[in-house]
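Chains U and G are the protein sequences, given in the same order.
Just so we're aligned, residue 1 is where the first sequence starts under the working numbering, counting upward by one.
Just so we're aligned, residue 389 is where the second sequence starts under the working numbering, counting upward by one.
Built from N, CA and C at the ideal position, the CB exists for glycine as well.
Note that this is a predicted model, so its numbers are computed, not measured.
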Amino acid sequence: MKVLGMNGDTAVAYAMKQINPDVVAGYPITPQTIAIEKFSEYVADGEVDTEFVATESEHSAMSACIGASAAGGRVITSTASAGLAFMWEVLYIPAPLRLPIVMNVMNRALSAPINIHCDHSDSMGARDSGWIQIHGENVQEGYDNLIQAVKIAEKARLPVMPCFDGFIVSHAVERLEVLDDKNVKDFIGIYKPKHPLLDIKHPITYGPFDLYDYYMEHKRQQHEAMENALKIVKDVGKEYMKISGRNYDTLSKYKLDDADIAVIALGSTAGTARVAVDNMREKGINAGLLKLRLFRPFPREDIINALKNVKVVAVMDRSDSFGSFGAPLFSEVRSALFRKSNAEIVNYIYGLGGRDITVKDIEGVFKDIKEISKTGKVKNYVSYLGVR
Amino acid sequence: MKGWKEIPEGGLILEPGNSIGYKTGSWRSQKPIRNEEKCSHCLICWAYCPDSAIIVENKKIKEIDYNYCKGCGICANECPKKAINMEEEK
Numbered sequence: 001m002k003v004l005g006m007n008g009d010t011a012v013a014y015a016m017k018q019i020n021p022d023v024v025a026g027y028p029i030t031p032q033t034i035a036i037e038k039f040s041e042y043v044a045d046g047e048v049d050t051e052f053v054a055t056e057s058e059h060s061a062m063s064a065c066i067g068a069s070a071a072g073g074r075v076i077t078s079t080a081s082a083g084l085a086f087m088w089e090v091l092y093i094p095a096p097l098r099l100p101i102v103m104n105v106m107n108r109a110l111s112a113p114i115n116i117h118c119d120h121s122d123s124m125g126a127r128d129s130g131w132i133q134i135h136g137e138n139v140q141e142g143y144d145n146l147i148q149a150v151k152i153a154e155k156a157r158l159p160v161m162p163c164f165d166g167f168i169v170s171h172a173v174e175r176l177e178v179l180d181d182k183n184v185k186d187f188i189g190i191y192k193p194k195h196p197l198l199d200i201k202h203p204i205t206y207g208p209f210d211l212y213d214y215y216m217e218h219k220r221q222q223h224e225a226m227e228n229a230l231k232i233v234k235d236v237g238k239e240y241m242k243i244s245g246r247n248y249d250t251l252s253k254y255k256l257d258d259a260d261i262a263v264i265a266l267g268s269t270a271g272t273a274r275v276a277v278d279n280m281r282e283k284g285i286n287a288g289l290l291k292l293r294l295f296r297p298f299p300r301e302d303i304i305n306a307l308k309n310v311k312v313v314a315v316m317d318r319s320d321s322f323g324s325f326g327a328p329l330f331s332e333v334r335s336a337l338f339r340k341s342n343a344e345i346v347n348y349i350y351g352l353g354g355r356d357i358t359v360k361d362i363e364g365v366f367k368d369i370k371e372i373s374k375t376g377k378v379k380n381y382v383s384y385l386g387v388r
Numbered sequence: 389m390k391g392w393k394e395i396p397e398g399g400l401i402l403e404p405g406n407s408i409g410y411k412t413g414s415w416r417s418q419k420p421i422r423n424e425e426k427c428s429h430c431l432i433c434w435a436y437c438p439d440s441a442i443i444v445e446n447k448k449i450k451e452i453d454y455n456y457c458k459g460c461g462i463c464a465n466e467c468p469k470k471a472i473n474m475e476e477e478k
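Below, the structure is given as structure tokens:
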């Protein structure tokens with residue numbers, strides 16, 4: 001084990017170097033660029049055996065990843081924002097074909113208006129594309145999640161999208177504990193693809209036309225694969241604990257067990273929320289935090305259990321789903337808790353386009369939901385936080 | 389028809405050349421009927437058929453393979469002897 005100072009992007013590149021994937025096909029986009037750029041240096045310096053493909057667009061990058069993965073390779077890429085959006089057509093392909101591609105997403109807002117800073121609109125838009133989605137809070141989790149993602153992807157035979165907050169994590173230098181190369185190598189093991197296209201002794205076809213007579217059966221298979229992935233994420237987290245000493249599950253609780261009121265957040269906001277929880281506790285208010293790590297598959301049972309004693313829940317969404325009743329995380333949480341909890345659940349849409357979220361903001365949320373727990377009255381189920 | 393647990397994942401075809409098991413002749417709405425008396429065995433229909441459904445034996449047309457003939461009518465259109473008639477599939 002070594003301790004380094006790294007930002008999120010270079011930590012991703014460092015993890016990729018240790019994983020030494022067969023193929024990396026990528027295209028630069030802020031705030032992801034450093035990851036692929038740094039990794040291409042490892043390639044140029046001969047530190048990895050990877051076939052590096054500098055494509056002409058993200059659509060091509062994902063297409064090359066799909067081809068390489070179908071061929072039987074271990075494949076990694078990363079993107080953000082408009083890059084992820086440009087992959088749209090091909091983004092849906094790896095999951096049903098059971099191709100374990102890993103793609104780190106450094107979450108960034110979508111145009112318009114054009115903006116390069118963090119929110120979750122990009123990966124939330126991809127939530128129905130069949131990718132497992134994991135959110136990391138900081139550089140350490142970004143590094144840890146990428147290594148685990150390889151193992152999760154190959155066990156579940158599904159693509160995995162580890163996400164972290166653009167700029168806030170991707171460009172902030174933090175203390176990072178890295179594993180020894182050998183530990184990473186042993187942890188991920190040798191990839192044995194089930195149906196490699198390059199196995200010329202067993203010729204197969206990927207991606208033939210599929211009509212109404214079988215398409216639905218293939219979607220049912222995909223549905224099952226995602227259901228089964230929940231346990232795999234948990235198991236891999238436990239295994240990773242053994243080599244890292246760091247605990248990973250579908251979610252983590254902070255002062256939640258005796259909390260009356262709680263906030264749910266993804267990503268870097270959880271760190272800010274913990275300080276707000278401590279400040280509320282000092283004032284004698286039983287506040288708690290649920291940091292959600294796994295967004296797809298959605299860990300419904302774990303959320304029900306974690307929130308069973310909570311009276312009011314504020315779901316923090318760093319994206320909007322225009323025209324729906326609340327943003328994506330809110331809809332999921334509310335649906336999971338329906339008839340399983342008596343808690344009032346409210347939604348705060350915050351931090352769009354990198355708008356700062358402060359301890360004071362989250363203390364304000366706790367004050368709002370404390371009031372709801374006292375009066376039982378909800379003024380607004382969905383509100384914008386920190387907007388003028 | 390097989391259920392979702394019994395078929396290869398994601399529509400992969402694991403058995404090479406198994407398209408022979410897909411009888412595309414069931415798509416046909418018009419059926420080519422060959423008149424043996426008019427046919428000169430010039431093999432133009434054999435050359436034009438996009439589905440290799442004209443079966444030739446000893447340089448002579450033996451039959452039309454209705455398992456794979458989609459009834460496109462190209463053979464009837466190209467035949468110089470007007471020896472192939474398209475008839476409504478019943």
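Interface flag, residue i vs chain U, CB-CB below 8 Å
i	result
W392/G	yes
G409/G	no
E397/G	yes
P468/G	no
P404/G	yes
M474/G	no
K401/G	A small fix is needed here, since residue 401/G is Ile in this sequence, not Lys. Yes, contact with chain U.
Cβ pair residue i, residue j closer than 8 Å
i	j	result
I390/U	V236/U	Only positions 1 to 388 of chain U appear in the structure, and residue 390/U is not among them; the question remains open.
A259/U	N286/U	yes
Y92/U	G125/U	no
V169/U	N138/U	yes
I442/G	W434/G	yes
D119/U	L352/U	yes
E217/U	G391/G	yes
A270/U	V313/U	no
K419/G	D439/G	no
R293/U	D249/U	yes
V277/U	G288/U	yes
N347/U	D317/U	yes
Y214/U	I395/G	yes
C437/G	C463/G	yes
K411/G	H429/G	no
V365/U	V263/U	yes
A68/U	V75/U	yes
R159/U	I101/U	Per the sequence shown, the amino acid found at residue 159/U is Pro instead of Arg. Closer than 8 Å, so yes.
V233/U	G5/U	no
P31/U	H171/U	yes
A80/U	D128/U	no
V184/U	I36/U	no
Any chain G beta carbon closer than 8 Å to residue i
i	result
Y214/U	yes
Y206/U	yes
E154/U	no
E217/U	yes
D128/U	no
R74/U	no
Q221/U	yes
D210/U	yes
Anticipated Cβ contact below 8 Å, residue i with residue j, distance rounded
i	j	result
N473/G	N423/G	7 Å
L251/U	K291/U	6 Å
V333/U	I349/U	Incorrect: roughly 14 Å between the Cβ atoms, too far for contact.
V150/U	I190/U	With a Cβ gap of about 12 Å, V150/U and I190/U do not count as contacting.
L99/U	A70/U	6 Å
P96/U	G398/G	4 Å
Inset, instruction - Spell out a yes or no on whether the segment 246-258 of chain U and the segment 332-346 of chain U are touching, meaning 3 or more CB-CB pairs, one atom from each, closer than 8 Å. - result: no
Inset, instruction - Using a Cβ-Cβ cut-off of less than 7 Å, list which residues of the segment 97-108 of chain U approach chain G; keep chain order. - result: L97, R98
Legend entry - chain G contacts from the segment 190-206 of chain U (Cβ-Cβ distance under 9 Å): K194, H195, H202, P203, I204, T205, Y206
Inset, instruction - Spell out a yes or no on whether the segment 370-388 of chain U and the segment 202-209 of chain U are touching, meaning 3 or more CB-CB pairs, one atom from each, closer than 8 Å. - result: no
Legend entry - Segment contact, 8 Å Cβ cut-off, at least three pairs: the segment 11-22 of chain U with the segment 32-41 of chain U: yes
Inset, instruction - Decide yes or no for the touch test of the segment 48-61 of chain U against the segment 24-38 of chain U: beta carbon pairs closer than 8 Å, at least 3 of them. - result: yes
Inset, instruction - Could you say if the segment 157-165 of chain U and the segment 101-113 of chain U meet the contact criterion of at least three C-beta pairs nearer than 8 Å? - result: yes
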